[in-house]
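Down below is the structure, laid out as structure tokens.
Residue numbers (our numbering), protein chains in the order written: chain A, 33 to 183; chain B, 5 to 739.
The following block contains the structure:
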């Protein structure tokens, strides 16, 4: 089986995996990184949203071969040690989560949005497609706006 | 178990016994077995649900075992909670109750989810919006008893009377400033010979934490990705497993035609046949999924292969008896409504870990009724119940779905079949097509009016049978729901009558449920019958008001039954600026709902210029739950109910086509996303009074009515089929 080397949350890793195995299952099943969640496997629910070289991607549809030599950040790698990313802190301040299952993906999507668009409008926030089945959208919107104000 | 203190709550109607259940660590439990309930005062003319709702019944059957709620005091305090956390915030609410009684920071209280314990009988079921209602008194009494023992231990230590001592920040404090932390007192407090006085919960007037908005206790764990759902656990050797399922509901395996080829695929470890399909176990879920998709299986027919939506609609229309010709001497309003099937669609699909050995089994899963799960799995494996351990994990949403434990049972069957531990995960497509759903329903409603009064209101509901075969948590009651004739249908009638009541003085009021038993996978969905039944009634209320020439808010104000209901109505009408001018294609709408000793009003504004993509742009909700334990969590529940209502009223449902739902993912089942939800949401929590009522399901029905009414006022068209915009706008996945 081929080997692929890439960086995850600041650490270099090498995995044996078929080229077409999705990054989601490499992270979860081979590396034990469980923050990114399975919700659909076809890039429509966005629960697994993580960053590849700083851009939001959905690892459920990224073949592991595409990650070779690149940098992956999952929710576990977002905080700076014990210091939370401002988006994570805003999520706590607004008590966004209910079941929490989609929230790692929601946070990673919001971080990516704010990186490219530091002052998003309501229409910009509407463009985030991540499903929250608990229906926390109003608090997600507030949290993104307050994170934008503090960053 | 030594009986240590005996308490009376004085003027309150319940008596509590608390028990010291273990030493040397202080472990206290409370017994409500001597509790007496006051005779209900029967209002007239009441609906059943106004006298004793399903939550009251849940509290009653749970009373004999409520003493199993256990608190352990060491350096920290741990509550073993016989409920599950699925996002509703129960772990935060109960941590607040314990922290309040023991004068601890909430961070010093750990709440763990109790394993399935059959001795808890009816007291380990999470549902019916009943967790806070049923636990509010017992938990406060257990915690007060623990505090009483800690005070007594300090009293002995310092030779001071307990009345001179108090508790603060996790320590007993003496008048001279000496402090003894709970951790240093726990052994002495657990001494069975210790004499303690009566320990009462604090008067509610002295609460400083309960009733204040509090952030979830697991908020930081969630935002850092540290919460462990079932499949995030590391169980040694447990291998990823998925199940290939039949092309129609309840189909079964006739033959697996390419087993060897699939076993030869990369990473595939085992192929197994179980009653519901073919399991593929592999080194990763990606490989299990590839194996599942590559399987060639010959299937036996399912149970509803010939049924499609049109057939089901016809059965439902016929099952709800027609009204006779209207009486010409009175005004009559008739309306029919239909609601499609709706997937619960929690974001974490059905999943479980199972480690089954020859003589024992261990299961991990997010379960709302873990006792029946444990008993059924034991029976399926041919093991004594005490050889099966069922751990309850935090779950990624439920909305009623996790009352059933089909994933846990399948995991156990596959682990037994292949002789190794497995992690079972349903694909999203399977979760929507073979998972459970809120059943479709048909509604015929008639109201008659004369002389400015509503004389009668009758609602005939026909619904595909809702499966209640999870019972109320343990196999004795589940067995009853399996019996023909008196079984599930009797249970559903009881549930219907103990949840549905119309909060208006509409004269002679009658509700009737006719169930159509189809062998499909259904389950209670948030607010069970109320979302459709009461949602439809709120549309009807607007139709009646219009017929009588009255404004929807003014009409409701006149006909609502009590001041609590009028207060939430007034609150949203005021905060939502009811009646403000709206541009063409925009409108306001209002709805009310009352259940489980709580009531709520919802006012929305809708932009329906594009009828295919109407958007609720603003929502104002007022909520009265009697005593809100955590107003912040309560607001979250109302927000969830609102989003469910937006979804199921406007766009989200399942099409049944030849025995299978067509929808297979969120690209097809249109649960709301950010762009479908209001940018302006205001939730008003009414001031505390009385005891806690239910909250988890409350928000949905009023919002369904409000959204449908707003749509009607914006478009001039009365919606009667839900969801309103429901085309098959996708290419279905292969069966």
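The beta carbon of each residue, even a glycine, is placed where N, CA and C say it ideally should be.
Remember, it's a predicted structure, so these values are computed and weren't measured experimentally.
Proximal chain A residues relative to residue i, where beta-carbon distance stays under 7 angstroms
| i | result |
| --- | --- |
| residue 223(B) | 124, 127, 129 |
| residue 349(B) | 165 |
| residue 220(B) | 127, 129 |
Top-ranked residue by Cα proximity to residue i, from the options
| i | options | result |
| --- | --- | --- |
| residue 97(A) | 84(A), 180(A), 65(A) | 84(A) |
| residue 207(B) | 695(B), 340(B), 483(B), 187(B) | 695(B) |
| residue 273(B) | 281(B), 280(B), 263(B), 279(B) | 263(B) |
| residue 202(B) | 623(B), 146(B), 392(B), 688(B) | 146(B) |
| residue 50(A) | 102(B), 537(B), 294(B) | 294(B) |
| residue 634(B) | 115(B), 366(B), 528(B), 220(B) | 220(B) |
| residue 703(B) | 360(B), 534(B), 631(B) | 534(B) |
| residue 234(B) | 271(B), 242(B), 589(B) | 242(B) |
| residue 722(B) | 736(B), 697(B), 654(B), 686(B) | 654(B) |
Partner residues on chain B for residue i, Cβ-Cβ distance less than 7 angstroms
| i | result |
| --- | --- |
| residue 72(A) | 432, 669, 670 |
| residue 136(A) | 229 |
| residue 133(A) | 233, 351, 352, 400, 401 |
| residue 62(A) | 288 |
Residues of its chain near residue i, where Cβ-Cβ distance is below 7 angstroms and the 5 sequence neighbours each way are ignored
| i | result |
| --- | --- |
| residue 167(A) | none |
| residue 184(B) | 158, 161, 175, 176 |
| residue 205(B) | 105, 144, 145, 148 |
| residue 734(B) | 671, 672 |
| residue 151(B) | 105, 106, 171, 203 |
| residue 149(A) | 156 |
| residue 144(A) | 83, 87, 88 |
| residue 568(B) | 603, 628 |
Supposed contact pair residue j and residue i - C-beta distance, whole angstroms, cut 8 angstroms
| i | j | result |
| --- | --- | --- |
| residue 510(B) | residue 461(B) | 4 angstroms |
| residue 522(B) | residue 469(B) | 7 angstroms |
| residue 648(B) | residue 530(B) | 6 angstroms |
| residue 542(B) | residue 709(B) | 2 angstroms |
| residue 193(B) | residue 30(B) | 5 angstroms |
| residue 2(A) | residue 146(A) | Residue 2(A) is absent from the structure shown; chain A starts at 33 and stops at 183. |
| residue 711(B) | residue 593(B) | 6 angstroms |
Own chain partners of residue i with C-beta closer than 6 angstroms, once the 5 adjacent residues on each side are dropped
| i | result |
| --- | --- |
| residue 165(A) | none |
| residue 39(A) | 103 |
| residue 74(A) | none |
| residue 549(B) | 556, 559 |
| residue 173(A) | 157 |
| residue 409(B) | 371, 377 |
| residue 700(B) | 92, 133, 641 |
| residue 597(B) | 538, 604, 705, 706 |
| residue 14(B) | Because the pLDDT of residue 14(B) is 34, which lies under 50, any placement of that residue in the model is unreliable, and the number read from its coordinates should be weighed accordingly. Result list for residue 14(B): empty, nothing under 6 angstroms. |
| residue 739(B) | 251 |
Proximal chain A residues relative to residue i, where beta-carbon distance stays under 9 angstroms
| i | result |
| --- | --- |
| residue 643(B) | 130, 166, 167, 168, 169, 170, 171 |
| residue 743(B) | Nothing in the structure corresponds to residue 743(B), since chain B is present only between 5 and 739. |
| residue 646(B) | 167, 170 |
Amino acids of chain B, ordered along the chain, whose beta-carbon sits closer than 8 angstroms to that of residue i
| i | result |
| --- | --- |
| residue 54(A) | 290 |
| residue 207(A) | The displayed coordinates of chain A run from 33 to 183. Any statement about residue 207(A) would go beyond what the structure contains. |
| residue 79(A) | 351 |
| residue 39(A) | In chain order: nothing, as chain B lies at least about 18 angstroms away. |
| residue 106(A) | 229 |
Residue-level contact to chain D via CB, residue i, 8 angstroms cutoff
| i | result |
| --- | --- |
| residue 113(A) | Structure shown: chain D not included; protein chains present are A and B. |
Closer than 9 angstroms at the beta carbon, the chain B residues around residue i
| i | result |
| --- | --- |
| residue 116(A) | 224, 227, 228 |
| residue 27(A) | It is not possible to answer for residue 27(A), since the shown part of chain A is limited to 33 through 183. |
| residue 102(A) | The contacting residues do not exist; residue 102(A) stays about 19 angstroms from chain B at best. |
| residue 42(A) | Chain B residues near residue 42(A): none, gap ~15 angstroms exceeds 9 angstroms. |
Neighbourhood of residue i by C-beta distance below 8 angstroms, restricted to the same chain and skipping five residues each side
| i | result |
| --- | --- |
| residue 590(B) | 609, 610, 611, 612, 613, 621, 718 |
| residue 108(A) | 41, 65, 67 |
- Task: At 3 residues or longer, and completely inside the segment 334–366 of chain B: list those beta strand (DSSP E) runs for me, N to C.
- Result: 335–343, 355–360
- Query: In chain order, which continuous runs of the beta strand (DSSP E) of length 3 or greater are located wholly inside the segment 551–595 of chain B?
  - Reply: none
- Query: Whole beta strand (DSSP E) runs in the segment 639–695 of chain B with 3 or more residues, listed along the chain?
  - Reply: 684–689
- Task: Would you list, in sequence order, the uninterrupted alpha helix (DSSP H) runs of no fewer than 4 residues that lie entirely inside the segment 51–131 of chain A?
- Result: 96–99, 118–125
- Jot down the residue ranges of each uninterrupted beta strand (DSSP E) in the segment 154–224 of chain B, minimum 3 residues, whole runs only, in chain order. 170–172, 175–177, 183–185
- Query: For the segment 426–454 of chain B, which segments carrying the alpha helix (DSSP H) assignment without a break, of at least 4 residues, lie completely within its bounds, in sequence order?
  - Reply: As far as the segment 426–454 of chain B is concerned, its whole alpha helix (DSSP H) runs of at least 4 residues are 432–437.
- Start-end ranges of the alpha helix (DSSP H) lying completely within the segment 82–130 of chain B, minimum 4 residues: 94–106
- In the segment 277–312 of chain B, which residue ranges form an unbroken alpha helix (DSSP H) of at least 4 residues, counting only runs that do not cross its ends? 289–298
- Task: Note down, one range per segment and in chain order, each alpha helix (DSSP H) of at least 4 residues found wholly within the segment 515–556 of chain B.
- Result: 534–551
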